[in-house]
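Keeping their order, the protein sequence lines are chains G and X.
Everything in the first sequence is counted per our numbering, starting at 1 for the first residue and increasing by one.
Everything in the second sequence is counted per our numbering, starting at 1001 for the first residue and increasing by one.
Notes follow the structure.
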Amino acid sequence: MFVRIKLTPYFCTGKQKEARDMGVVVKQKTTHVRTAEGMMLARRVTTVKMPNGKYRYPVDYYDATPGAVHVSSSELENLRIPAYQQLI
Amino acid sequence: MRMSDGYPFVLGMVEQGGSYHLSVQTYQYRFKSTRSHHTYIVRVECFPEHVYCLKFFDKAHRHSDNKFSLLTNTFEPRTIFYTLYHIMLDVLQRDPSASFFFIGAADEHDEIGLATRRYRIYRRFTSSVVGEKLFEHFRVNDTSLYILVNKSFVKDPEFLAKQITQEVRVAFDS
C-alpha cells in the first residue's frame, strides 16, 4: 500500500520556509494620515495567517508625501552617518 | 588606498544625446574593483538646466534590460559609492553649475510604489557625504528619486526639483 509521507515543516525550503516562520500575508490595508507639519504618512496594517491558524496584525508606517520634499537640516542630521566626512 | 578615495576611474567617452529624448550628452566613466575584479560602467547623462543623472551598472550586465536592478553580491558598496561620489566631483569640476539626481532601481525584494532599498541606501550615503553648503537636498519617496540642486546657480531650487520630478514621472509612465 502506498503511504504518503507528510513532510514536517523543517524540511521545506524557500517560500514555504518563509511562510512557516513569518506566516502568509492574507491582506493589506493602507490608510493615509496627514501630520501637523504637512507630512503625509501611510499606515499599513497587514493581516498575516500564522501556521498555527492564528492571525497577527503588524502595523508599519511610511512617508507618502506626494511630490518633491525638501530635506531639512534636522532630517539630514538624523539620516547621516557621523563617521563619514562631508567633502562638499 | 583608503576606502573613501574610491577606485581610480577613467572617462571613457562623451556621447551626444542619451537614453532619454531630453538628454544633451552623456559622459561614460568606468572603473575596476581591485577587490572583486568587476568592472563598472557609470553613465552621467546631462539634461538641460545643467542637471545630471548618475547611473551605474556592472559591465557584465551591460546587455541585460535589468542591468540597473541586478545585484552583484560583491559586498563592497561603500567603495563603489565613494567612487561614484568622486565621479560626481569630477563632473562638478567640469561644470560648476551642475545639479544632480539619481533613482534607486527596484529589485525583487521591493514593493511597487514604496521607496526602494537601493534608494534608502543612496539617500543615507548622500546625506552623509554631501552637506548643505553647495546643494539643496530634495527627496521623492514614491519614485525613489533623490535630487541635489546646486544652490549657487539655481535661483528657485524647489521649482527645478518639481520639474525634474515631473520629467522622471513622464519617463517612467512612457
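Every residue gets a Cβ at the ideal spot worked out from N, C-alpha and C, and that includes glycine.
Practice problem: For the alpha helix (DSSP H) holding GLY14 (chain G), just list the boundary residues, first then last. | Solution: 14-22
Exercise. Take every Cβ of the stretch 1142-1153 of chain X, pair it with every Cβ of the stretch 1100-1113 of chain X, and state whether three or more of those distances are shorter than 8 Å.
Key: yes
Self-check item: Chain-ordered residues of the stretch 41-72 of chain G with a beta carbon less than 8 Å from chain X
Solution: TYR62, ASP63, ALA64, THR65, PRO66, GLY67, ALA68, VAL69, HIS70 and VAL71
Practice problem: Below 7 Å between beta carbons is the criterion; list the residues of the stretch 10-39 of chain G that meet it against any residue of chain X, in chain order. | Solution: none
Practice problem: Please determine if the stretch 1155-1166 of chain X and the stretch 1016-1036 of chain X are in contact, where contact requires at least 3 C-beta pairs separated by less than 8 Å. | Solution: no
Quiz item: Is the beta carbon of MET39 (chain G) sitting closer than 8 Å to the one on ASP63 (chain G)?
Solution: yes
Practice problem: Please compile the residues from chain G whose C-beta is within a distance smaller than 9 Å of the C-beta of THR1165 (chain X). | Solution: GLY67 and ALA68
Exercise. Counting only the same chain and skipping the five closest in sequence on each side, list residues whose C-beta sits under 6 Å from that of LEU7 (chain G).
Key: Low confidence applies here, because LEU7 (chain G) scores a pLDDT of 49, under 50, leaving its location unreliable; read the following figure in that light. Result list for LEU7 (chain G): empty, nothing under 6 Å.
Quiz prompt | 8 Å Cβ cut-off: residues of chain G touching ARG1124 (chain X) | solution = LEU79, ARG80 and ILE81
Quiz item: Is any beta-carbon of chain G found at less than 8 Å from that of ASP1142 (chain X)?
Solution: yes
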